[in-house]
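Data block below; observations after.
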Amino acid sequence: MAFVISFIEQGLIYGIMALGMYITYKILDFPDMTVDGCFPMGVALSVVMIRQGVFPCATLPICFLCGAAVGMITGIINVYGKVRDLLAGIIMMTGLYSVNLMIAGQANLPMYDYFNIFDNNLLNGIFPESMRGYQRLIVLIVITLVVKWILDLYMKTKSGYMLRAVGDNDLLVTSMGVDKGKVRIIGLAIANGLVCLSGCIFAQQQGYFEISMGTGTAVIGLASVIIGTNLKKHCKFINVTTMVIIGAIIYRACVALALKFGMQPALMKLISASILLVILLATRDRKKAS
Amino acid sequence: MLELNHIYKTYNPGSVNEMCLYEDFNLKVPDGQFVAVVGSNGSGKTSLLKLICGSMEPDKGEIILTQRNHSTGKEETVNLVGVSEHVRHKTIGRVYQNPALGTCPSMTILENMAIADNKGKIFGLGRCVSKKREEYYKELLKTIGLGLEDKIHIPVGYLSGGQRQCLALLLSTMTPIDFLILDEHTAALDPKTADIVMEMTDKIVHEKKVTTLMVTHNLRYAVEYGDRILMMHEGKAILDKADEEKKTISTEEIMHIFNQISVECGN
Chain A
28 MAFVISFIEQ
38 GLIYGIMALG
48 MYITYKILDF
58 PDMTVDGCFP
68 MGVALSVVMI
78 RQGVFPCATL
88 PICFLCGAAV
98 GMITGIINVY
108 GKVRDLLAGI
118 IMMTGLYSVN
128 LMIAGQANLP
138 MYDYFNIFDN
148 NLLNGIFPES
158 MRGYQRLIVL
168 IVITLVVKWI
178 LDLYMKTKSG
188 YMLRAVGDND
198 LLVTSMGVDK
208 GKVRIIGLAI
218 ANGLVCLSGC
228 IFAQQQGYFE
238 ISMGTGTAVI
248 GLASVIIGTN
258 LKKHCKFINV
268 TTMVIIGAII
278 YRACVALALK
288 FGMQPALMKL
298 ISASILLVIL
308 LATRDRKKAS
Chain B
789 MLELNHIYKT
799 YNPGSVNEMC
809 LYEDFNLKVP
819 DGQFVAVVGS
829 NGSGKTSLLK
839 LICGSMEPDK
849 GEIILTQRNH
859 STGKEETVNL
869 VGVSEHVRHK
879 TIGRVYQNPA
889 LGTCPSMTIL
899 ENMAIADNKG
909 KIFGLGRCVS
919 KKREEYYKEL
929 LKTIGLGLED
939 KIHIPVGYLS
949 GGQRQCLALL
959 LSTMTPIDFL
969 ILDEHTAALD
979 PKTADIVMEM
989 TDKIVHEKKV
999 TTLMVTHNLR
1009 YAVEYGDRIL
1019 MMHEGKAILD
1029 KADEEKKTIS
1039 TEEIMHIFNQ
1049 ISVECGN
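From first to last, the protein sequence lines are chains A and B. When we follow the working numbering, the leftmost residue of the first sequence carries the number 28, and every step to the right adds one. When we follow the working numbering, the leftmost residue of the second sequence carries the number 789, and every step to the right adds one.
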């Protein structure tokens, strides 16, 4: 049971990150590598803030805003600097490595003995002792559902429609009197905000920061998005954002099973990359259909 | 009123491929006029539209648009040169040659109409589609007469080219506009569908009394529809007939002039 709870928890956390990648990869058609730097930035910010005594719940919106700022910079480099999308992301990812080291001050930073969003006086008072094992899972379900609900609401607004339109046909967006560059920047800001928020929650679940945490984040996100969107094709009644979160849980389950059946943790990234390759080959989702 | 005054434009200046397109080009389009622009390839028709829409800037000259401010009702004069493309499109409607360019293929008809209805609202956080507006969109779709009102939840990518072009035309004229640009919008359609789209264009333009510039290679459409015919050749208007004068011109005459030009150019 603990094994199942563990991968569902991780799946929910990565699900929030996958929602961000759904915006960049599926909606904007923007291969955003910033996430590999933005996710550990969320982790670093979270660990440093908790250690400094910041109220755990306050770390969530702060990390979202910091991630959004990073996403905006990627967008500005791409739109106004006319740097190609992939390059803009790589520039940011590389730069953020040093920024993350500066935030944390060192390559490893633990925070095991501090209160966090899963373990604090308020929650410990609400949940009885018998429920303690599920406390983290319940908090994660609530946070993920709230994030998903807000994103779904945003997607139904005028601004959300413009975001979807810019990935579909940016010429139409210009014809509608809207600056397509600004729409892309907004999309990247929201996406990286979600990625950073996911990193923030991940830090509080894991209890430490480690500089190489971000490597392969994009792969995990992409795999989750592709599993989710392919499941959506077979199940019309469930929202695509829900499917992306389910995709992230399925992906974590695959990784957890691989580790359970004897794969060495050192091979983790190879397993991640292999799973993504298998999913891509199985779904042939390498090119966006016109 | 749209005025193009003393427009100069040279492609690839300073290179071996330098080509002077417009040299002191002037054009005046009064309010509500439907202008059909014809001419051979490379004569400067599409470049004219690009200049007005902002996808291309002139080297010299001014593009003056006298427009009515839709909120205050007062007339304002704006020089469009230097104004960015998306800002110009707030009061300009545009339909492209390729039906795929005027709509979002993976979004439904309803969603496409909602986007057009909320033209220019990038930061709007209100709901894009309401039940009340949905009924209004259905009423609008009924006016096209293609039965699209029953397919309102179908992605636009599933529609035929003609249906998409009709929808694109409807989208570009949903909100009040000062100017409508039609860039060979019937060229990719079969003759029957092209006729339907052209009929619809004529109806919308006359109902809304919107100033229109239509580039076309179909000389019959240029003669039959619109209030004015403009024939371009090497960046100059070599034929410009409006209203009563235009009515005396036949397709054969236009064809004759067109052939003469083609022979001169060696096409």
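For glycine and all other residues, C-beta sits at the position ideal for the given N, C-alpha and C.
message: Does C808(B) come out as helix, strand or coil in the three-state DSSP assignment?
response: When DSSP states are grouped into helix, strand and coil, C808(B) belongs to the strand group.
query: In whole angstroms, what is the alpha-carbon distance linking R915(B) and K53(A)?
result: Computed Cα separation, rounded: 22 Å.
Proximal residues to N1047(B) (C-beta, below 7 Å), its chain only, five neighbours per side dropped: none
query: In chain order, which continuous runs of the alpha helix (DSSP H) of length 4 or greater are located wholly inside the region 82 to 132 of chain A?
result: With a minimum length of 4 residues, the continuous alpha helix (DSSP H) runs that stay inside the region 82 to 132 of chain A are 83 to 106, 112 to 131.
query: With respect to the beta strand (DSSP E) encompassing V851(B), which residues constitute its N-terminal and C-terminal limits?
result: Reading off the sequence, residue 851(B) comes out as Ile, not Val. 848 to 856 is the extent of the beta strand (DSSP E) around I851(B).
query: K991(B): buried (16+ other C-beta within 10 angstroms of its C-beta) or exposed?
result: exposed
- prompt: Beta-carbon separation of V323(A) and H874(B) under 9 Å?
  reply: This structure cannot settle anything about residue 323(A), because the visible part of chain A is limited to 28 through 317.
query: Is P893(B) near the ligand FMN, going by C-beta to nearest heavy atom under 8 Å?
result: With respect to the ligand FMN, the structure offers nothing, as it holds no ligand at all.
field: Same chain, Cβ closer than 7 Å to E811(B), five either side skipped, listed in chain order
entry: Y796, G1023
message: Please return the same chain residues whose Cβ sits closer than 7 Å to the Cβ of T1000(B), not counting the five positions on each side in sequence.
response: Excluding sequence neighbours, T1000(B) sits near F822, V823, L968, L970, V993.
- request: Kindly list, in the order they appear in chain B, the residues whose Cβ is closer than 8 Å to that of N196(A).
  value: Simply A888, L889, T891, C892, P893.
- prompt: Got a sec? Which residues, its chain only, sit under 8 Å from V81(A) by beta carbon, not counting five neighbours each side?
  reply: For V81(A), where only same-chain residues beyond five positions count, the Cβ hits under 8 Å are I89.
- prompt: Among V917(B), D966(B), G933(B), which one has its Cα closest to the Cα of K996(B)?
  reply: D966(B)
message: Taking the alpha carbon of V866(B) as the reference point, which residue from K1029(B), A888(B), L792(B), L889(B) has its own alpha carbon closest?
response: L792(B)
message: When you compare the CB positions of A904(B) and M182(A), do they come within less than 9 Å of one another, or not?
response: no
- prompt: I100(A): which of I238(A), T269(A), V174(A), M60(A) sits nearest, CA to CA?
  reply: M60(A)
message: Can you pull the chain A neighbours of A904(B), defined as C-beta to C-beta under 7 Å?
response: M203
message: Can you pull the chain B neighbours of V210(A), defined as C-beta to C-beta under 9 Å?
response: Neighbours of V210(A) on chain B, chain order: I910.
The region 270 to 290 of chain A touching the region 109 to 123 of chain A, judged by at least three CB pairs closer than 8 Å: No, because fewer than three Cβ pairs between the region 270 to 290 of chain A and the region 109 to 123 of chain A fall closer than 8 Å, the two stretches do not touch.
message: Taking the straight line between their C-alpha atoms, what separation do you get for G827(B) and K833(B)?
response: 7 Å
- request: Output yes if chain B places a C-beta closer than 9 Å to the C-beta of V173(A); else output no.
  value: No, its Cβ sits nowhere closer than 9 Å to a Cβ of chain B.
- prompt: At a CB-CB cut-off below 7 Å, which residues of chain A make contact with K878(B)?
  reply: G204
- prompt: On the premise that K926(B) lies in contact with K907(B), defined as a C-beta separation below 8 Å, what is that separation, rounded to the nearest angstrom?
  reply: Going by Cβ atoms, the distance from K907(B) to K926(B) rounds to 19 Å, so no, they are not a contact pair.
task: Run down chain A in chain order and give the residues with a C-beta less than 8 Å from the C-beta of E873(B).
output: T201
query: From V282(A) to M240(A), what does the alpha carbon distance come to, in whole angstroms?
result: Our two residues, V282(A) and M240(A), have alpha carbons roughly 16 Å apart in a direct line.
- request: Step through the CB atoms of chain A and report whether any lies within less than 9 Å of the CB of G914(B).
  value: With 9 Å as the cut-off, G914(B) counts as an interface residue toward chain A.
Start-end ranges of the beta strand (DSSP E) lying completely within the region 188 to 218 of chain A, minimum 3 residues: none
query: With DSSP run on the structure shown, which of helix, strand or coil describes V776(B)?
result: The question about residue 776(B) has no answer here: the residues shown for chain B are numbered 789 through 1055.
Beta carbon of V70(A) nearer than 9 Å to that of N148(A): no
- prompt: Which term fits S251(A), buried or exposed, when burial requires 16 or more other beta carbons within 10 angstroms of its beta carbon?
  reply: Classification for S251(A): buried.
query: Exposed or buried, which one is C223(A) when buried takes at least 16 other CB atoms within 10 Å?
result: By the Cβ neighbour-count rule, C223(A) is buried, with 16 or more other Cβ atoms within 10 Å of its own.
query: In three-state terms, what does DSSP make of A956(B)?
result: A956(B): helix per DSSP, three-state reduction.
message: Among the candidates M901(B), L889(B), G802(B), whose CA atom is the shortest distance from the CA of G950(B)?
response: It is L889(B).
Partner residues on chain A for K907(B), Cβ-Cβ distance less than 7 Å: M203, G204
task: Starting from the C-beta of Q162(A), find all residues in its chain whose C-beta is less than 7 Å away, skip the five residues before and the five after it, and write them out in chain order.
output: F145, L150, F154
- request: Alpha carbon to alpha carbon, how far is K185(A) from L199(A)? Give it in angstroms, no decimals.
  value: 15 Å
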